[in-house]
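Oh and the sequence shown: position 181 is 988 in the working numbering, straight run, nothing missing. Glycine is no exception: its CB is placed at the ideal position from the N, C-alpha and C atoms. These numbers come from a predicted model, not from an experiment.
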Amino acid sequence: MAQSTAKKVSVLFIANFINFLISFLIVPFLSRVCTYQEYGTYSQVLLFSAFFLVIFNFGISTISNVVLAEHEENESLVFNTATIILTLASVAGILLIVLAGNSWNFIFNNEVFYKNLVYFFPTLFFQSISSYFLNTLLFYNRVKAIAVIVVSTNVLKLGMMLYSLYVLHSLAAIFISISLFTVLQCVLLYYVLPAEVRKITFKYDGQIAKQLFTPALPIMFTGLLGSGILYANGLFISNMLSVKDYAIYRNGAIEFPLVSVITASILAVTMPAFAKFKVKGEIEPMLLMRKKANVVSAAMIFPICVFLFFFSKEFIVLYLSDKYIESSLLFSVFNLTLLLRFTNYQDLLVVYKKTNYIFIANVVSFLISLALNFFLIKNLGLMGAVIAYLFSVLSLAVLLTLITCKIAKIKLADFHDWRKLIIILVISFGTGLLCYAGYQYIGGMMALCLAACLYFAVIFISFLKFNLVDKIYLLQYATRVPGLTKILNYAKTKNLD
């Protein structure tokens, strides 16, 4: 059973990684071909779409599986009730957008924003429903079906977007392509749902709706605040500066895709174990496992963060061309947030069922974000937005850490293995500085490739040689990150320990 679960998790993460990769690959094509105005508009519409999903999904996709588990005898009724709610919510959301009309152009400081947003209406309508279908499929363990549908439609979408970009030379065609494949993905996900579940009856149950809304709304507001920290930057920049400035900012505020896969992989392993430890009252083993997991996560993420800090200019020029060289400094500072995001600060609060504190921390962090964005963007421009985001993430991390220590009754000194985290960071920065100095002295593409290979090789060997990482934990988590298992097994055969 455990092996089967691990296999399903691996399939899902491989699919997620491929999707991250597809999203990561489309950006350089758009950046090179589109004007600043076009790329800025594209980014603004995607920003609006993400915000729309958080609001009008109501958090129902997250909580729906819990309600399904409680009503397995009425699974079709739960499905129909949730689908009706999400459909009506999406319609209401789009009507509100239409009523505001060209006012959106003023809010985003972009004369063509609303016109392009109209092409995205199908995406706005179907993305919430599609998200719900996907979570329902997860409940019924249809992982392979999800992977095939999501990956294949996203690959086809990428091809259609490139055709729209290079052949049709049309931003509108790009938005229409995304909308078409969002609809297709939703339809395909619907048809692989169990027949007894997806039976459309148009029946609505008020009691089930209440069970969906009661726990889902706090999740929605928490997600809204958490996402708002990032989304607020885009809105402030668009309104206070220009569409071009937002395009430059957006290409500096890039998160390396592998990082999300790493953190999600580790969380998938640790959260079920934490819950079991808590039920048994075994707090010490839970905290020990958490500390080891965080060290593994830091060992994977810190080196990436440090490398991108030193080689930000080279990365941006290679990835996006020298057209966005102004984004490189923003990128180097933005990625410092990865030093804070190597762990999930909410995990123990979820295990202790103290999620109300998560909401409070997000409210405080969001308010800090709004204040900092207003003053720093006004005085420092784009760098002000990046600094505001950095301090917002820092404030959230500090608040959740202090709250967790109080709830779990642990000392701050015991929250992490601080000694190993500091050593990992020092080794990463020291090696990065030496490799960057060597690259600057030699110069050229070959020197850059050599510096990258040497940097990660030295760090990888150092971490294992000095026993900074528990190899058992590292191998356990790596099985869920594509490509890392073979590397670790190879290192093991070389007796690096």
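Exposure of residue i, with buried meaning 16 or more beta-carbon neighbours within 10 Å
i, result
"Met1093", "buried"
"Met1253", "exposed"
"Thr842", "exposed"
"Thr812", "Only weak support exists for where Thr812 lies, its pLDDT of 48 falling under 50; the value from the coordinates is given anyway. Its Cβ having fewer than 16 others within 10 Å, Thr812 is exposed."
"Ala1264", "exposed"
"Leu972", "buried"
"Gln1018", "buried"
"Asn961", "buried"
"Ser830", "exposed"
"Ser910", "exposed"
"Thr1008", "exposed"
"Met1097", "The amino acid at residue 1097 is misidentified as Met; the sequence shows Arg. By the 10 Å Cβ count, Arg1097 comes out buried."
"Ala1244", "exposed"
"Glu845", "buried"
"Gln1247", "exposed"
"Asp1052", "buried"
"Ala907", "exposed"
"Ile953", "buried"
"Ile1055", "buried"
"Gly966", "exposed"
Reduced DSSP secondary structure (H/G/I, E/B, other) of residue i
i, result
"Lys1098", "helix"
"Arg839", "helix"
"Ile1217", "coil"
"Gln1018", "helix"
"Asp1012", "coil"
"Gly1088", "coil"
"Lys1160", "coil"
"Ile1061", "coil"
"Lys1006", "coil"
"Phe1149", "coil"
"Asn948", "coil"
"Phe1122", "helix"
"Gly966", "helix"
"Leu884", "helix"
"Gly760", "Shown here, the chain extends from 808 to 1304; a query on residue 760 therefore has no answer."
"Asn1274", "coil"
"Pro1110", "helix"
"Pro1025", "helix"
"Asn864", "coil"
"Asp1154", "helix"
"Glu1133", "coil"
"Ser1104", "helix"
"Leu1048", "coil"
"Val999", "coil"
Backbone CA spacing between residue i and residue j [nearest angstrom]
i, j, result
"Ile983", "Tyr926", "6 Å"
"Glu1121", "Leu1127", "10 Å"
"Val1200", "Glu880", "43 Å"
"Ser977", "Thr894", "30 Å"
"Ser856", "Ser986", "11 Å"
"Ala1100", "Lys1216", "20 Å"
"Ser938", "Val990", "12 Å"
"Asp1154", "Ile1167", "15 Å"
"Ala1106", "Pro1001", "41 Å"
"Leu1095", "Ile1249", "45 Å"
"Leu1031", "Ile981", "27 Å"
"Phe1182", "Leu1197", "14 Å"
"Phe859", "Phe1118", "35 Å"
"Asn1040", "Asn1180", "7 Å"
"Glu882", "Leu944", "12 Å"
"Ile1210", "Ile1036", "20 Å"
"Leu924", "Phe915", "12 Å"
"Ser1269", "Ile1108", "15 Å"
"Ile1231", "Ala1259", "17 Å"
"Gln851", "Asn912", "11 Å"
Ignoring anything shorter than 4 residues or poking outside the stretch 902-934, list the alpha helix (DSSP H) runs there in chain order.
910-914 and 920-926
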